[in-house]
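**Q** For the record, the sequence lines run as chains A and B.
Counting in the working numbering, the first sequence runs from 2 upward without gaps.
Counting in the working numbering, the second sequence runs from -7 upward without gaps.
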Amino acid sequence: MDLSYTAEEQAFRQEVRSFLEEKLPKEMSDAVREGRGLGKEGHDRWHAILNEQGWLAPNWPKEFGGCGWNAVQRHIFEEECCRAHAPRIVPFGLSMLAPVLQKFGSKEQQDYYLPKILNGEHWWCQGYSEPGAGSDLASLKTKAVREGDHYIVNGQKTWTTLGQYANWIFCLVRTDPDAKQQEGISFLLIDMDTPGIEVRPIILLDGTHEVNEVWFTDVKVPVENLVGEENKGWTYAKYLLTHERTNIAGVGFSQAGLETVKRLARSQMHKGRPLIENPYFAARVAQAEIDLMAMSTTNLRIISAAASGQAPGVESSMLKVKGTEIRQEINDLARRAAGVYAMPFASEAVEGGNEPPIGPEGTAPVAAQYFNNRKLSIFGGSNEIQKNIIAKVKMGGRA
Amino acid sequence: MNFDLTEERQMLQDSLRRFLSDRYTTSVRNEILESEAGYSADIWGQLAELGVIGALFSEEDGGFGGAGFDISTVFEELGRAGVVEPLLDTALLGGGLIAALGDDSQKELVEEVIGGAVQLAFAHGEPTSRYETSRVETTATVEGAEIILKGQKAVVVNAEAADHLIVSARESGAVDATDGISLFLVPRDATGLSLRGYALLAGGRAAEVDLDGVRLPATARLGAAGGAYAAIADVLARAEVALAAETLGAMETATELTRQYLLTRTQFGRPIGTFQALQHRVAELLIELEQARSAVINAAGHLEGDARLRDLNIAAARNLIGRAGRLVAEDSIQMHGGIAMTQEYELAHIAKRIVMAEHRFGDADTQLERFLDLSAA
């Protein structure tokens, strides 16, 4: 056992840190720290900065233009990005679709799409969820019927994150209505500019426009946009989901969040003393920190096993549950630290024209973030589903 | 023992519940939430007509109720329907303070409050006072026949709509002393008073209030100079009972929406309410609801008695409801899944009401600390 990073890993961390100090624009890290949206332009700009550095695709093999980093390096990179309040890299093209294309896509698809993901020409969104399906993903109803050299797609997707910015969507569609649920599904790439596609915003409870409904009415999709084989889409979908579940523990987010809580609690006064000195509040922060310290090591144990070639099993489900619980607890602590200043509606409090935010620095977005991050335990397979997976593997009668 | 409502309170509950379920629909409320005013003058007038505001005042003050159980009955219904109209601010806090301290001419305002003609706001909390009720840094200085107010007030709910603000200010004593605090009736358009208004996450509106040398006649003071704290503590106790009851009502709605949803939502070929893991969670919410109801009864029942016992029961109720409310709000969203995260769905608003109630007058941790302090006293 050795709990410290190797000299190479420490040097790598220093390299990442220097890059972030030099290249991450201050107005961007301020926006992230204050919980403000970046807009499409902001995301595009950060995307381009990383691409120029060659660090946009940490999880891609070098042959496709990726960094070729191992799991520990990727973890260090993510941790440093969170620490510096760098924007989150929008994962749909880079971390979800790309691995599927690299493993199952045709040579033509790889040559056409992968460079456009890197240079930002294609902004992808995910067409998995449907109303009525939820965590029962395979019950999806959107159908694609082959007519000559096209599929005709009809149906509706939902919870399409940042779909308002996307020009391409990867979709699971039902191509064989008579097959068993998981066997009649195909994986299609669809240009959002195709006639018959309509994107409708869903406003979330914190007032943000982050997700959308996407409606398909007789949308013509060329057959060459099919990935892999027809009716084998479930295999590719599951492969994608294992990639969606990387960095699922969100250790970096939790560490940054804990720093925010402490910063707020140092500046907020409680009975004439900084809140951080109040034993009731301090005890809750300490408990979250203790949980995070342990989970951080659990995460590293799993990453380290993955780096030496072991495929993660139920551990990723365990990390999803614990990681989201800890992040949500930290969000709760931040809203508590803000006291009465948690009450203003953030989009007004933060973005109220040229005026400064309502309340002391950092208090305005915390309640909205608390509510927004209720999603963490719902999406990507709800925590209940993760517990079912753990129970099935560990209690399902197998010794 | 008898835990039944009196006949009058039962009638009040029935008529208010009927009115709100008919008139305060989700679409009506969503319109109110989006509006500039943050509340509906129309609904307000009808609530006054129904006698809902009068039920919060004693006969002596021109109402026909005003006891702990009157307050809890009204506010539980308001919470159940997710009402954002400022009854807490205008009636209990503003009206309550004038009723407690005002002279005969000032008290004429109470009559107008009960009739629905006047809106009020209580400008008490300050940027650094957090939930501490005696920390007042705003100053009131007597200059001849005038009083000059200087300071800042934080998150003053209903300030923009208010015809008058009731502003606390210190005339003497240390910044956190209970002695030395006075209250002043300040017209909203007073010179030197400026508001920066904004919407609240859980509905309604508030403002940051700046008092830059507001000049008032000496007759604007409510009660004796420096002697307002006891009345402030009394109305805050009433407001906390109201808030606890309101949160209880909202928790009931959240739990019922969840129960219904689980019975109708199908996944993996069956209603998700047939999964035992979810059934147990609903069972837990129902248990916590009964606990919350008892805590509200304890707090409401002690409102008229000994102040220490009153505060102990209020702190207990608000700590319990803070904890149970968070559980109900979070679990209700979780069991609904994504739909509960959308702004237009009923539960989103109800969950926000439940959670954000913690931020008025002290969250669960603050109430725990208060309970321990009161227990040691």
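Ideal placement from N, C-alpha and C gives every residue a C-beta, glycine not left out.
Once you ignore the five residues that flank residue 137 of chain B on each side, which residues in its own chain have a CB closer than 7 Å to its CB?
**A** 209 and 210, listed in sequence order.
**Q** Residue 385 of chain A versus chain B: which residues are under 7 Å apart at the beta carbon?
**A** Within 7 Å Cβ-Cβ: 269.
**Q** Alpha carbons only, please: which of B:281, B:198, B:296 and B:182 is nearest the one belonging to residue 229 of chain B?
**A** It is B:296 whose Cα lies nearest to the Cα of residue 229 of chain B.
**Q** Can you give me the C-alpha to C-alpha distance between residue 302 of chain A and residue 67 of chain B, rounded to a whole angstrom?
**A** Roughly 52 Å between the two C-alpha positions.
**Q** Can you find a CB in chain B that lies within less than 9 Å of the CB of residue 13 of chain A?
**A** So, not an interface residue.
**Q** For the alpha helix (DSSP H) that contains residue 156 of chain B, what are its first and last residues?
**A** That residue, residue 156 of chain B, is in no alpha helix (DSSP H); its beta strand (DSSP E) goes 156 to 162.
**Q** Over the uninterrupted alpha helix (DSSP H) stretch that includes residue 120 of chain B, give me the two end residues.
**A** That residue, residue 120 of chain B, is in no alpha helix (DSSP H); it is neither H nor E in DSSP.
**Q** Enumerate in chain order the residues of its own chain whose CB-to-CB distance from residue 394 of chain A is below 8 Å, with the five nearest sequence positions on each side excluded.
**A** Closer than 8 Å at Cβ, skipping near neighbours: 314 and 315.
**Q** Of all Cβ atoms in chain B, is any one closer than 9 Å to the Cβ of residue 322 of chain A?
**A** With 9 Å as the cut-off, residue 322 of chain A does not count as an interface residue toward chain B.
**Q** Go through its chain and collect everything with a Cβ distance to residue 332 of chain A's Cβ below 6 Å, but skip five positions before and after it.
**A** The answer, listed in chain order, is 370, 371 and 374.
**Q** From residue 195 of chain A to residue 221 of chain A, what does the alpha carbon distance come to, in whole angstroms?
**A** The straight-line gap from Cα to Cα measures roughly 7 Å.
**Q** Could you tell me the alpha carbon to alpha carbon distance between residue 342 of chain B and residue 121 of chain A, rounded to whole angstroms?
**A** Their Cα atoms are separated by approximately 40 Å.
**Q** Hey, could you find the ends of the alpha helix (DSSP H) residue 169 of chain A is sitting in?
**A** Note, residue 169 of chain A: premise wrong, no alpha helix (DSSP H); beta strand (DSSP E) at 169 to 175.
**Q** Quick one, which residues of the stretch 181 to 197 of chain A are near chain B if we go by CB-CB under 9 Å, in chain order?
**A** Listed in sequence order: no entries.
**Q** If we ignore side chains and look at the alpha-carbon of each, how far apart do residue 25 of chain B and residue 12 of chain B end up?
**A** Their backbone Cα atoms lie some 16 Å apart in a straight line.
**Q** Taking a contact to mean a Cβ-Cβ separation below 9 Å, would you say residue 108 of chain B touches residue 41 of chain B in this structure?
**A** Against a cut-off of 9 Å, the Cβ pair of residue 41 of chain B and residue 108 of chain B comes out as a contact.
**Q** I want to see whether chain A comes within less than 9 Å of residue 333 of chain B, judged by CB atoms only; does it?
**A** Interface residue, yes.
**Q** Taking only beta carbons into account, state which residues of the stretch 105 to 133 of chain A come closer than 7 Å to chain B, listed in chain order.
**A** Per Cβ criterion, the list is empty.
**Q** Taking 9 Å as the threshold (beta carbon to beta carbon), is residue 340 of chain B in contact with chain A?
**A** Yes - at least one Cβ of chain A is within 9 Å of the one on residue 340 of chain B.
**Q** State the Cα-Cα distance for the pair residue 224 of chain B and residue 90 of chain B, rounded to the nearest angstrom.
**A** Their backbone Cα atoms lie some 11 Å apart in a straight line.
**Q** For the 8 Å Cβ check, are there 3 or more pairs between the stretch 103 to 114 of chain A and the stretch 136 to 156 of chain A?
**A** In short, these stretches do not touch, since the Cβ pair count stays below three.
**Q** Taking beta-carbon pairs under 8 Å, can you tell me which members of the stretch 176 to 196 of chain B lie near chain A?
**A** Listed by position, the residues of the stretch 176 to 196 of chain B near chain A (Cβ gap below 8 Å) are 188, 190, 191, 192, 193 and 194.
**Q** Report all residues from its chain with a CB closer than 7 Å to the CB of residue 2 of chain B; omit the five preceding and five following residues, and keep chain order.
**A** Result list for residue 2 of chain B: empty, nothing under 7 Å.
**Q** Return the chain-ordered ranges of every beta strand (DSSP E) run that is complete within the stretch 200 to 281 of chain A and spans a minimum of 3 residues.
**A** Whole beta strand (DSSP E) segments, 3+ residues: 210 to 223.
**Q** Ordered along the chain, which non-local residues of its own chain (more than five positions away) have a Cβ less than 6 Å from that of residue 132 of chain B?
**A** Within the same chain, residue 132 of chain B has close Cβ partners 139, 141, 161, 163 and 174.
**Q** Is it buried or exposed for residue 37 of chain A, if we count other Cβ within 10 angstroms and need 16 for buried?
**A** Residue 37 of chain A should be labelled buried.
**Q** Name the residues in the stretch 256 to 273 of chain A whose C-beta lies less than 8 Å from a C-beta of chain B; which are they?
**A** Against chain B - using a Cβ distance shorter than 8 Å - the residues of the stretch 256 to 273 of chain A are 269, 270, 271, 272 and 273.
**Q** Could you compute how far the alpha carbon of residue 217 of chain B sits from the alpha carbon of residue 94 of chain B?
**A** In a straight line, the C-alpha of residue 217 of chain B is about 12 Å away from that of residue 94 of chain B.
**Q** For residue 289 of chain B and chain A, any beta-carbon pair shorter than 9 Å?
**A** Output row for residue 289 of chain B: interface = no.
**Q** Could you tell me whether the stretch 308 to 315 of chain B touches the stretch 176 to 194 of chain A, where touching means 3 or more Cβ pairs closer than 8 Å?
**A** No contact exists between the stretch 308 to 315 of chain B and the stretch 176 to 194 of chain A.
**Q** Which residue comes first and which comes last in the alpha helix (DSSP H) that contains residue 176 of chain B?
**A** Here residue 176 of chain B belongs to no alpha helix (DSSP H); instead the beta strand (DSSP E) covers 173 to 179.
**Q** Please say whether residue 138 of chain A and residue 249 of chain A have beta carbons closer to each other than 9 Å?
**A** Their beta carbons are not under 9 Å apart, which means residue 249 of chain A does not touch residue 138 of chain A by this criterion.
**Q** For residue 190 of chain B, which of helix, strand or coil comes out of DSSP?
**A** The answer is strand: DSSP assigns residue 190 of chain B an E or B state.
**Q** In chain B, what lies closer than 7 Å to residue 205 of chain A by C-beta?
**A** Ordered by position in chain B, the residues that pass the 7 Å Cβ test against residue 205 of chain A are 333, 334 and 335.
**Q** When the Cα atoms are used, what is the spatial distance from residue 9 of chain A to residue 251 of chain A?
**A** Their Cα atoms are separated by approximately 23 Å.
**Q** For a contact defined as C-beta to C-beta under 9 Å, what are the partners of residue 379 of chain A on chain B?
**A** Result: 325, 326, 328, 329, 330, 332 and 333.
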